[in-house]
Amino acid sequence: VEIELALRQALATGQLHLAYQPIVELASGKLVGAEALIRWSDPVRGPISPAVFIPIAEDSGLIAAIGRWVLDETLRQVAAWRADELVGEDFWVSVNVSPRQLRDPTLPGKVSEALERWDVPQSSVVLEITESVMIDASTVTDQVLFDLRRLGVKMVVDDFGTGFSALGYLRRHPVTGVKIDRSFVDGLGTDAEDEEIVRAVVAMSTALKLTVVAEGVETPAQQDVLSALGVTVGQGHLWSVPVSAEEFTERWLVAL
Ligand code: G
Ligand code: G
Ligand code: MN
Ligand code: NA
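Each residue of the sequence shown is one higher than the one before, counting from 470 in the UniProt record's numbering.
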């Protein structure tokens, strides 16, 4: 409860920030997008991980307001980069969306309104949803996903492979891609099972016409195995940890 109050205050007083992690083409290292990740540093407690405070925000309902802030801040940033001609039409930023946000029937309208307000094309935003959303999908969530997809917003399944998603779930939901969980990328080059799992995800994604991003790429060896398996886009410490907008702009967008 204490942390919930502090979080509420942090949101109200502008103490939340977004960090951006580059998403690159594996073969060339060329930037194609970024993932926006929320950061909170409390004046007393210091930095607090979203792995800690996002679940608290979900339980308390504060996630609705935080989610709106994340989307708005992301779009503000994308609009600024576009205005400075630092990114083009095909650059996208992915934003994590909690299951609870997808149970709000007003979400698609809010997303649409925010895109219009910042004059950012739908194609510049990708929503990252969890497998659990597809598994427990309620009729409300189903409608929300459908409405978002109808708006032209892309949706990818985050941490793919860690839940219980069967082919049928992917097929029944209007998702456009998957992000292979880093636990499977970890063992590439050393663990034959991880390699088979990634091979299976690629085959499935090809069959269902889904995009694939590999997460948690940390070594050139993993990068090579992913490329050999037909994965073309990745994200991970091999290129960069999540960094501030300023650092991201300097390191990835401004040609030196
Ligand atoms: O960035 P980091 O590894 O600390 O993130 C930890 C967890 O918090 C990850 O599961 C990530 O998806 C989640 N997370 C980060 N930013 C956001 C956000 O803006 N919204 C939601 N719902 N989850 C986030
Ligand atoms: O659950 P989600 O995929 O949204 O979590 C994103 C988190 O993964 C970010 O907080 C980021 O810090 C972390 N992350 C990104 N790249 C790597 C990586 O190469 N290795 C590890 N261990 N974590 C990573
Ligand atoms: Mn994510
Ligand atoms: Na993930």
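Think of the CB as a built atom: it goes at the ideal place given N, C-alpha and C, for glycine as much as any other residue.
Taking C-beta separations shorter than 6 Å and ignoring five residues to either side along the sequence, the partners of Trp550 in its chain run Val556, following chain order. Secondary structure note for Val626: its beta strand (DSSP E) is the uninterrupted segment 623-629.
Taking the Cβ of Glu597 as the reference point, at least one heavy atom of ligand 3 falls within a distance shorter than 7 Å. The shortest C-alpha to C-alpha distance from Val470 to any of Gly483, Pro516, Ile525, Val521 is the one to Ile525. Contact between Trp561 and Leu480 is ruled out by a C-beta separation of about 25 Å, above the 8 Å threshold. The shortest C-alpha to C-alpha distance from Thr701 to any of Ser709, Arg720, Val681, Thr610 is the one to Val681. By the neighbour-count criterion, in which a residue is buried when 16 or more other Cβ atoms sit within 10 angstroms of its Cβ, Lys678 is exposed.
Here the distance from the Cβ of Leu506 to the nearest heavy atom of ligand 2 is below 7 Å.
Linking Val589 to Ser567 through their CA atoms gives a straight-line distance of about 22 Å.
The closest heavy atom of ligand 2 lies 7 Å or more from the beta carbon of Val493. Note on the region 480-509: whole beta strand (DSSP E) runs with a minimum of 3 residues are 485-494, in chain order. The alpha carbon of Thr688 has as its nearest neighbour, out of Val622, Ser709, Ala552, the alpha carbon of Ser709. Counting C-beta pairs with one atom in each stretch, the region 567-576 and the region 609-616 have three or more that are closer than 8 Å, which means they touch. When distances are taken from the beta-carbon of Pro711 to the heavy atoms of ligand 2, the shortest one is below 7 Å. In the structure shown, Asp663 adopts helical secondary structure according to DSSP, grouped into three states. When rounded, the separation of the alpha-carbon atoms in Ala503 and Ile598 is 16 Å.
Taking all protein chains in view, the Cβ of Ile532 is crowded by 16 or more other Cβ atoms within 10 Å, so the residue is classified as buried.
Checking the 7 Å criterion, the Cβ of Asp573 is out of range of every heavy atom belonging to ligand 3.
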